[in-house]
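In the UniProt record's numbering, the protein residues as written are 1 to 513. Every residue, glycine too, gets a C-beta built ideally from N, C-alpha and C. Here the structure is a predicted model, which is why all the values come from computation and not from measurement. Quick notes on the structure that follows.
Here's what the structure looks like:
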C-alpha cells in the first residue's frame with residue numbers, strides 16, 4: 001500500500017472522489033493488490049519481452065467503460081503528477097503503451113469497442129478499443145460491398161493503429177486508414193471531449209498519423225467506408241532460394257509499385273527446410289489481393305509480371321470479409337465470427353520489429369547476401385509491402401505520415417524467439433540490429449525513414465520519459481515524420497504546453513518540458 005499522501009494514494013482518492021453512479025470509475029480501477037491486476041495487465045501484452053517480473057508495472061489500470069472514466073483519469077493524473085500510458089490493442093512494438101520508467105497508470109480502452117455503421121452515408125463511428133476484426137465484421141453485417149483500408153492483423157486496436165497511419169492490402173487503391181478518417185473524438189489535457197470542429201484542423205491533422213498519445217486520448221474515429229466488389233481474389237505463390245526466387249523478387253521490385261491499383265502483392269520471407277540434408281533455405285511467398293475476379297486478374301499478371309507464373313489454381317475468389325481471415329493466416333473456411341474474438345492470452349513469443357523504406361531496387365547479387373544473413377538469424381520473418389498507386393498520389397504533408405511518392409516498398413523485419421532470459425533477449429536484439437545494419441546501403445537515407453506503427457526504440461528515445469528533449473525527439477521524429485515533425489511540435493506546444501501526454505518517443509513541446 002502506498003504511503004499516506006503519496007501521489008499514488010492521492011490519485012486513487014481523486015478517482016474515488018469523482019466516482020459517479022451508475023458505472024462509477026472505482027468499479028474499473030485495478031491496483032496491484034487486486035487479484036485481477038495481473039490478468040488485466042497481461043491480457044493485452046502482445047510481446048513477451050515486456051512480461052518479465054522485473055518489468056515496471058503500473059500503479060493502477062483503469063479499464064475505461066465510459067468517456068467520463070477517461071476524463072477523470074486524465075484530470076486526476078495531471079493533478080497528482082502521474083504519467084498515463086494509453087492502450088487499446090496492446091500491439092505497441094516497444095511496449096510503450098503499457099510500460100514506463102516513471103510512476104504511471106495504464107488507461108485501457110479495450111472495453112470501448114462499439115462500431116456504429118451507417119451504410120446510407122458509407123461511414124462508421126469506431127471506438128478506439130475496437131479491433132480491426134470487429135470493425136471488419138460489423139461493416140460486413142451491413143454491406144457485402146463496403147470495406148475499410150486497414151491492417152491484416154485482426155486483433156490490432158483501432159486507437160493506436162489508425163493514429164500511427166494504419167496500412168493494409170488496399171493502400172495502393174485507397175491509401176492508408178488515416179486517408180479515410182473524416183472525424184474523431186479526443187479527450188484533451190483539460191479533460192474536454194473534442195470533435196473535429198472543436199479541436200480544429202491542426203489537431204485533427206496531427207492525430208491522423210502523428211500518434212494520438214502525444215496529444216490526448218482518442219475515444220473514437222469517424223471513418224469513410226470504401227467500395228469493394230462482391231468477390232475479391234487472393235493468392236499465394238511460393239518460391240525458394242534455389243528455385244529462381246531471386247529473379248522473381250528482383251522483377252517484383254520493379255513492377256509491384258506500378259501494377260494496377262486494384263492489385264497488391266506482398267512478399268513474405270521465411271525460413272523453411274531446404275533440399276540439402278537439414279539445411280535451412282529462404283522461402284519467398286508472393287501473397288496477393290486483387291479487387292476483382294480471377295478472370296480479370298490472370299491476364300493482368302501475365303502481361304505485367306509473367307515471371308511470377310501465377311496460375312488459376314493458385315487463386316481463390318471470396319467475399320472481401322473472408323479475405324481478411326486469409327490475410328490473418330486463418331485457414332479457408334474459418335467462421336467469420338473469429339473476427340470478433342480477442343485472445344485472452346497473446347502468443348507466448350518475444351519479438352523485435354524494425355522497418356525500412358526502399359527507393360531503388362536492391363541488386364540481385366545483394367539479395368543472396370541478405371538471404372545468407374537472414375538464414376543466420378534463425379527466426380526472422382521479413383515482409384516487403386509495395387507502394388505506388390494511391391500512395392504516390394497523396395502529398396507527403398497531407399497527414400503526418402510522410403512516406404508517399406518515391407518509395408518502391410516498405411520492409412518489416414520481424415525477429416521472434418521463445419527462449420527466456422536476459423541473455424537470449426540481448427542475443428536476439430543484437431541479431432536484429434546487425435541485420436538492420438546490413439540493410440543500410442539499400443535503405444532510404446537522410447533520414448533513414450521508419451514507420452511509426454513499427455515503433456523502434458533503437459532510433460532514439462527520451463530516458464527518463466518524464467522530460468522530453470526536443471533535440472533527442474528530433475532524432476526519432478525526423479525518421480518517423482520527416483518534414484512534418486516541426487508542424488507536430490508546433491501543434492503539441494499549442495494543445496499540451498506543459499507536456500502532460502508524453503512517453504519515450506512522444507512529440508515534444510517547443511519549450512522542451
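For residue i and residue j, what's the separation of their Cα atoms in angstroms?
i	j	result
residue 3	residue 466	Low confidence applies to residue 3: its pLDDT is 44, below 50, so where it sits in the model is not reliable enough to give any reading.
residue 517	residue 124	A question about residue 517 goes unanswered here, because the residues of the chain that appear run from 1 up to 513.
residue 404	residue 35	48 Å
residue 516	residue 500	There is no way to answer for residue 516, as the model of the chain reaches only from 1 to 513.
residue 425	residue 505	22 Å
residue 269	residue 110	32 Å
residue 306	residue 286	13 Å
residue 456	residue 162	18 Å
residue 103	residue 317	52 Å
residue 392	residue 279	41 Å
residue 460	residue 400	19 Å
residue 246	residue 394	31 Å
residue 46	residue 40	13 Å
residue 301	residue 194	47 Å
residue 362	residue 113	42 Å
residue 234	residue 260	15 Å
residue 342	residue 155	6 Å
residue 128	residue 181	13 Å
residue 169	residue 298	18 Å
residue 229	residue 165	25 Å
residue 283	residue 177	30 Å
residue 421	residue 43	21 Å
For the ligand FAD, is there any heavy atom lying closer than 6 Å to the beta carbon of residue i?
i	result
residue 420	Among the ligands in the structure shown, none appear at all, so the ligand FAD cannot be discussed.
Can you list, in chain order, the residues of its chain whose CB lies under 6 Å from that of residue i, leaving out five sequence neighbours each side?
i	result
residue 1	Confidence in residue 1 is poor, its pLDDT being 41 and thus under 50, which makes the residue's placement unreliable; the coordinate value appears in the next sentence. Result list for residue 1: empty, nothing under 6 Å.
residue 71	187, 191
residue 137	339, 340
residue 476	459, 460, 505
residue 60	29, 31, 105
residue 49	350
Between which two residues does the beta strand (DSSP E) containing residue i stretch?
i	result
residue 289	280 to 290
residue 251	Element bounds for residue 251: not the beta strand (DSSP E) but the alpha helix (DSSP H), 245 to 255.
residue 385	380 to 386
residue 270	263 to 273
residue 27	Where residue 27 is concerned, there is no enclosing beta strand (DSSP E), given that its DSSP letter is neither H nor E.
residue 318	315 to 318
For residue i, collect the residues of the same chain with a Cβ closer than 7 Å to its Cβ; drop the 5 residues on either side in sequence, then sort them by chain order.
i	result
residue 458	433
residue 142	117, 119
residue 464	101, 102
Along the chain, where does the alpha helix (DSSP H) containing residue i start, and where does it finish?
i	result
residue 296	294 to 304
residue 162	158 to 163
residue 69	67 to 79
Starting from the Cα of residue i, find the closest Cα among the options and give me that residue.
i	options	result
residue 205	186, 271, 263, 191	186
residue 30	337, 103, 107, 45	107
residue 329	153, 48, 258	153
residue 289	336, 236, 59, 397	236
residue 409	101, 197, 20, 167	167
residue 388	54, 310, 258	258
residue 97	224, 453, 472	453
residue 375	327, 437, 444, 272	272
residue 81	511, 507, 502, 510	502
residue 135	150, 179, 73	150
residue 443	132, 202, 360	360
residue 13	51, 54, 77, 65	77
For residue i, which residues from the same chain have a beta carbon less than 8 Å from its beta carbon, with the 5 sequence-adjacent residues on both sides left out?
i	result
residue 440	448
residue 418	348, 349, 350
residue 232	289, 290, 291, 292, 317, 318, 319, 320, 323
Can you find a C-beta in chain B that's less than 7 Å from the C-beta of residue i?
i	result
residue 7	You won't find chain B in this structure, because it holds only one protein chain.
Segment contact, 8 Å Cβ cut-off, at least three pairs: the segment 196 to 213 with the segment 227 to 244:
no
Assess contact between the segment 83 to 95 and the segment 22 to 34, defined as three or more Cβ pairs (one per stretch) separated by less than 8 Å. Is contact present?
The segment 83 to 95 vs the segment 22 to 34: no contact.
Any contact between the segment 337 to 351 and the segment 366 to 373? By contact I mean 3 or more CB pairs, one from each, below 8 Å.
no
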